[in-house]
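Line by line, the protein sequences are chains A and B.
Under the numbering used here, the first residue of the first sequence carries the number 1, and numbering increases by one thereafter.
Under the numbering used here, the first residue of the second sequence carries the number 1001, and numbering increases by one thereafter.
The beta-carbon is built from N, C-alpha and C at its ideal position, and this holds for glycine as well.
Have a look at the structure below, then the notes.
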Amino acid sequence: MSTTATVQPERILRDLQELWAKMASDQADSGGVLRACAMTLAVAAENAADAERVRQTVGVLMHSHPSRAVILHAGSTGGELEARIFAECWKPFGKSQQICSEGIEITAGQSGYSEVAKFLVPLRVPDLPVVLWCRGVAALEPGPLEPLFPLAGKIIFDSSQVSDADSALQFLRRLRGRGSRVADLHWTRLTGWREVVAHLFDDQALQPSEIMGAQVTFGGPSVTTCARYFAAWIRTALPGTRVTVSSDNGPRGLHSVVLSTASDTLTIALGSDHCVEVTGRGRHYRSMLPSTSEQALMQEELGILGPDPVYERALSA
Amino acid sequence: MTEARNPFADPLRFERRVPECAIVIFGAAGDLAKRKLLPALYRLAYDRRLPASFAIVGNSRTPMTDDDYRARMREAVKQFSEDGDFDEELWKRFAANLHYVAGDVKEPNLYQALREKVNATGQANILFYLSTQPSYYATIVDGIGHSHLAAAPEGAWRRLIVEKPFGHDLQSAKELNSRIHAVFREEDTYRIDHYLGKETVQNILALRFGNGIFEPLWNRRYINHVQITAAESIGVEGRGGYYQEAGALRDMIQNHLLQVMATVAMEPSAVFEPDAVRDERAKLLRSIKIMRPEEVDLYAVAGQYKGFRQEPGVNPDAQTDTYAAGTFFVDNWRWAGVPFFIRSGKKLPKRVTDIAIQFNQAPLALFSAGDGDQKGRPNLLILRIQPEEGISLLFLSKEPGSGMRLRPVSMDFNYGTSFGERSPSAYETLLVDAMVGDATLYTRQDMVEASWTVIEPILENWSNRRFDFPNYDPGTWGPAEADTMIAKLGRQWRNT
């Protein structure tokens, strides 16, 4: 369900109220609708087509992270700011009452995001966390999105498309230095790999002190943030361990991690069917990696609204 | 996986790892296994929470092959899975780990057969689950002990989950504890109380100790009384034989509801670790004032619904309490003088379990008579455990328009909608906890014995008298004596 409005925050909020009242009335026979909201999720989309994709992703994310979504994107032809509101509704299994979250889509005019930032302030849900999801590579460059950064408690980027890992990491560190909580979906993609490595040390069969060195191999022509993060994560967990990073000709992404002890090695290597294979020290097993769809990555990040010490240490290293 | 032990730990992002193990279920063809255990294990597999290598070995007396058992459990999982997710391919993979050994728990041969079956699965860790009739618990534990099934190889573990009821009185609970401890250490014994695995019961700790606004009010100065209600609209539903021996006091209050009361009233623990939390729960249970014999009639009420004695398998002269209510006081500085009213019954008007914390009224009646007819209504904080898990706060608000008419309004938090995600069932939570060795939500020997001690005077009194049963109609809120019990202390039940 959606409707359009000119961009006046008070008017948008009033239109949302009317939308809810109408939906409650329409659904009165089945117990009305339940409006759910746990945060404001602002999304800076790359363009109108991207905004449409975002809306679908956000619609699914709302099931586990009910929010007021504010989707922002630059208009294709310039002109005036435009806004439209919508509601995403779903019915939990076996329940008759619909649960709904609300959304606002704003098309920025010629003045770009500087003007949009002014509107975002009153459109935030009071007292609830604000997360800003910046899509595309432009977000990692200082400039157009800067006015939005101070408004968010957490800012999510994706450095996977950035060819220069150094500049991406510097940008994230700079933002964090200003007090913002940042996240990078390219770090989130490593969760499955990291979990497999961490589990090697769960039982007493392998001691952290045994590890003398680690070799991280990834695919692609240049060192990505992903490889840098992984190496930094090992270094911060095992200070003093020699960690080397190398690339091969395979597809982009992490390919293998080899942990060396004085007497043997443990290899975690990318296998078929989205699995990793763990070999060494009498072990040989496969472990399925979790989904790395954008939706799954966002799901994970929206679940962490407070400090994320492990990522912060890896980013700083 | 703790960061202190594992420098790679990332508890914010990593699921707790369930170690490879075999779960041996005694009573594997019974109601609990069909309705709760297998659906919970299947759901854990669906959510990829089970390790790649695990085994479930079921036992009951019914002769069945592995395939027969798999077929039977397949139907059970399809029928009783709470949210209807059934994936045929996943079931095939899950069922491949499902095994069955028929046999009588009194026969030593059974344990040898179980050992061979578990060995064939290659699992070193074993979690035993007692889901049989309680009278077999000690026999099974003895059998496990005599067959050396409880002896774990180096680096492996053996754990035991015991379903309620844990004994039928204090003496029998102590005896059972003693028999169990001859085979399993206390730290390897997991006495299950599925109420403690419910999200809302766990959320009581989050509400109290994660927020700054409630705990300052959480004491005798601001709280007038607490009502804990566990009502069922159904009767004994074919469990008449079992139920007539148990009754509501033993079946609900001794375990579930006293544990819930302990969670509501306990002091904060210094750290959120299993024994620290359980120490505080146990301390609270030990602080509940034990009724003197002459107080039982004043503070406890038994009821039986009309028609119970006509249920199949029920003695036509049964003295069973299908309804029980009690008034409990806690002898400590925080709660001195605050009554905790607890009731549970069958064939009540609706199925509901909740905790209502009633605050004292405002000290000054600012809105005089005539300005509103609700001026005396106190604030209520309601923690809803089922059917809809959530929290509501009732307070007064001015009605729109001229004048000062007040109307109670409710501020609601619904667990399912605020987080959107599906809440794991209590059995999913508790099974994972036992597999990873986290006993926070399980009851300990001292807690069980303390709660039996609390109700012992009531049991003693009730077993020595003949009630004029039945004393309440199905579809009502129980016997009139329960209303009298609470009215004597100037309160009334929330019958909403």
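Just reading off the beta strand (DSSP E) that residue i is part of, what are its end residues?
i	result
Asp248/A	Arg242 to Asp248
Val257/A	Gly253 to Ser260
Ala87/A	Glu82 to Trp90
Ser1402/B	Per DSSP, Ser1402/B belongs to no beta strand (DSSP E) and is neither H nor E.
Thr1229/B	Ile1223 to Ala1231
Ala1498/B	As displayed, chain B neither begins before 1001 nor continues past 1496, which places residue 1498/B out of reach and without an answer.
Ala1152/B	From DSSP, Ala1152/B is part of no beta strand (DSSP E); its letter is neither H nor E.
Gly103/A	Gln98 to Ala108
Asp184/A	Arg181 to Asp184
Applying the criterion that 16 or more other CB atoms from any shown protein chain within 10 Å of the CB defines a buried residue, is residue i buried or exposed?
i	result
Trp1477/B	buried
Ile104/A	buried
Trp1333/B	exposed
Val33/A	buried
Phe61/A	At residue 61/A the sequence reads Leu, which differs from the Phe that was named. With 16 or more Cβ atoms within 10 Å of its Cβ, Leu61/A is classed as buried.
Gly1238/B	exposed
Val58/A	buried
His1148/B	exposed
Glu1089/B	exposed
Pro1479/B	buried
Ile1234/B	exposed
Glu1186/B	exposed
Ile1223/B	buried
Ile1213/B	exposed
Met298/A	buried
Ala1182/B	exposed
Gly1167/B	buried
Gln1492/B	exposed
The alpha helix (DSSP H) spanning residue i covers which residue range?
i	result
Asp1067/B	Asp1066 to Phe1080
Val58/A	Ala48 to Ser64
Pro1108/B	Pro1108 to Thr1121
His1194/B	Counting along the chain, His1194/B falls outside any alpha helix (DSSP H), and DSSP gives it neither H nor E.
Met23/A	Pro9 to Asp26
Met1485/B	Ala1480 to Ala1487
Tyr1305/B	Counting along the chain, Tyr1305/B falls outside any alpha helix (DSSP H), and DSSP gives it neither H nor E.
Glu1280/B	Pro1274 to Ser1287
Cys1021/B	Element bounds for Cys1021/B: n/a, residue is neither H nor E.
Leu1207/B	Glu1199 to Gly1210
Phe1094/B	Glu1088 to Ala1095
Lys1398/B	Not the alpha helix (DSSP H): Lys1398/B falls in the beta strand (DSSP E), residues Gly1390 to Lys1398.
Asp1297/B	Val1296 to Tyr1299
Pro309/A	Pro309 to Ser316
What whole-angstrom Cβ distance do residue i and residue j have, given they're in contact under 8 Å?
i	j	result
Leu1396/B	Leu1381/B	Between Leu1381/B and Leu1396/B the Cβ distance is about 14 Å, and since that is not below 8 Å, they are no contact.
Ile234/A	Val245/A	With 8 Å as the limit, Ile234/A and Val245/A do not qualify as a contact, their Cβ atoms being about 10 Å apart.
Ala1325/B	Arg1343/B	4 Å
Pro184/A	Phe201/A	Before going further, note that residue 184/A is Asp rather than Pro in the sequence given. With a Cβ gap of about 25 Å, Asp184/A and Phe201/A do not count as contacting.
Leu151/A	Val121/A	7 Å
Gly219/A	Gly250/A	4 Å
Glu1175/B	Val1236/B	About 27 Å; that fails the 8 Å criterion.
Leu1041/B	Leu1364/B	With a Cβ gap of about 57 Å, Leu1041/B and Leu1364/B do not count as contacting.
Leu135/A	Ala44/A	A small fix is needed here, since residue 135/A is Arg in this sequence, not Leu. Right, their Cβ atoms sit about 6 Å apart.
Under a CB-based cut-off of 8 Å, is residue i close to chain E?
i	result
Asn1006/B	The chain inventory of the structure shown lacks chain E, comprising the protein chains A and B.
Exercise. If contact means a Cβ-Cβ distance below 9 Å, which residues of the stretch 183-214 of chain A contact chain B?
Worked result: Within the stretch 183-214 of chain A, the qualifying residues are Thr188, Thr191, Arg194, Glu195, Val197, Ala198, His199, Leu200, Phe201, Asp202, Asp203, Gln204, Ala205 and Pro208.
Problem set entry | the stretch 1286-1294 of chain B / the stretch 1473-1487 of chain B touching (three or more Cβ pairs under 8 Å) | Contact between the stretch 1286-1294 of chain B and the stretch 1473-1487 of chain B is absent, because fewer than three Cβ pairs lie under 8 Å.
Exercise. The stretch 291-310 of chain A: which residues have C-beta closer than 7 Å to a C-beta of chain B, in chain order?
Worked result: If you check each beta-carbon in the stretch 291-310 of chain A against every beta-carbon of chain B, the ones closer than 7 Å belong to Glu300, Ile304, Asp308 and Val310.
Problem set entry | Contact between the stretch 1053-1064 of chain B and the stretch 1014-1029 of chain B (3+ Cβ pairs under 8 Å) | Touching, yes, given that three or more Cβ pairs across the two stretches are closer than 8 Å.
For this session: For the stretch 1241-1261 of chain B and the stretch 1452-1459 of chain B, state whether three or more C-beta atom pairs, one from each stretch, are separated by less than 8 Å.
Result: Yes, since at least three Cβ pairs between the stretch 1241-1261 of chain B and the stretch 1452-1459 of chain B fall closer than 8 Å, the two stretches touch.
Problem set entry | Contact residues within the stretch 232-244 of chain A, judged by C-beta distance below 7 Å to chain B | The stretch 232-244 of chain A vs chain B, Cβ under 7 Å: Ala237 and Leu238.
For this session: Please list the residues of the stretch 24-52 of chain A that have a C-beta atom closer than 7 Å to any C-beta atom in chain B, keeping them in chain order.
Result: The residues in question are Leu34, Ala36 and Ala38.
Exercise. Taking Cβ-Cβ distances below 9 Å as the criterion, which residues of the stretch 1041-1068 of chain B are in contact with chain A?
Worked result: Look at the stretch 1041-1068 of chain B: the residues with a C-beta under 9 Å from a C-beta of chain A are Arg1048, Ala1052 and Ser1053.
Exercise. So does the stretch 169-182 of chain A actually touch the stretch 284-297 of chain A, counting three or more Cβ pairs closer than 8 Å?
Worked result: Between the stretch 169-182 of chain A and the stretch 284-297 of chain A there are fewer than three C-beta pairs closer than 8 Å, too few to call the two in contact.
Exercise. Of the residues that make up the stretch 1008-1026 of chain B, which ones have a beta carbon closer than 7 Å to any beta carbon in chain A?
Worked result: From the stretch 1008-1026 of chain B, only Phe1008, Ala1009, Asp1010, Leu1012, Arg1013, Phe1014 and Arg1017 have a Cβ closer than 7 Å to chain A.
Problem set entry | Selection of the stretch 1203-1224 of chain B by Cβ proximity to chain A, strictly under 8 Å | Interface annotation for the stretch 1203-1224 of chain B against chain A: empty, criterion Cβ-Cβ distance under 8 Å.
Problem set entry | Cβ contact (3+ pairs, closer than 8 Å) linking the stretch 1075-1092 of chain B and the stretch 1133-1149 of chain B | No: the two stretches stay apart, fewer than three of their Cβ pairs being nearer than 8 Å.
Problem set entry | Interfacial residues, the stretch 264-295 of chain A to chain B, with Cβ spacing under 9 Å | Among the residues of the stretch 264-295 of chain A, those with a Cβ less than 9 Å away from any Cβ of chain B are Tyr285, Arg286, Ser287, Met288 and Pro290, in the order of the chain.
Exercise. Taking a cut of 9 Å between CB atoms, which residues from the stretch 1468-1488 of chain B lie near chain A?
Worked result: Within the stretch 1468-1488 of chain B, contact with chain A at the beta-carbon level (separation under 9 Å) is assigned to no residue.
Exercise. Is there contact here, the stretch 1347-1355 of chain B with the stretch 1152-1162 of chain B, by at least three beta-carbon pairs under 8 Å?
Worked result: In short, these stretches do not touch, since the Cβ pair count stays below three.
Exercise. Is the stretch 1111-1127 of chain B touching the stretch 1006-1017 of chain B, taking contact as three or more C-beta pairs under 8 Å?
Worked result: Contact between the stretch 1111-1127 of chain B and the stretch 1006-1017 of chain B is absent, with fewer than three C-beta pairs closer than 8 Å.
Exercise. If you pair each beta-carbon of the stretch 1422-1440 of chain B with each one of the stretch 1195-1209 of chain B, do three or more pairs fall below 8 Å?
Worked result: The way I'd put it, the stretch 1422-1440 of chain B does touch the stretch 1195-1209 of chain B; three or more beta-carbon pairs between them come closer than 8 Å.
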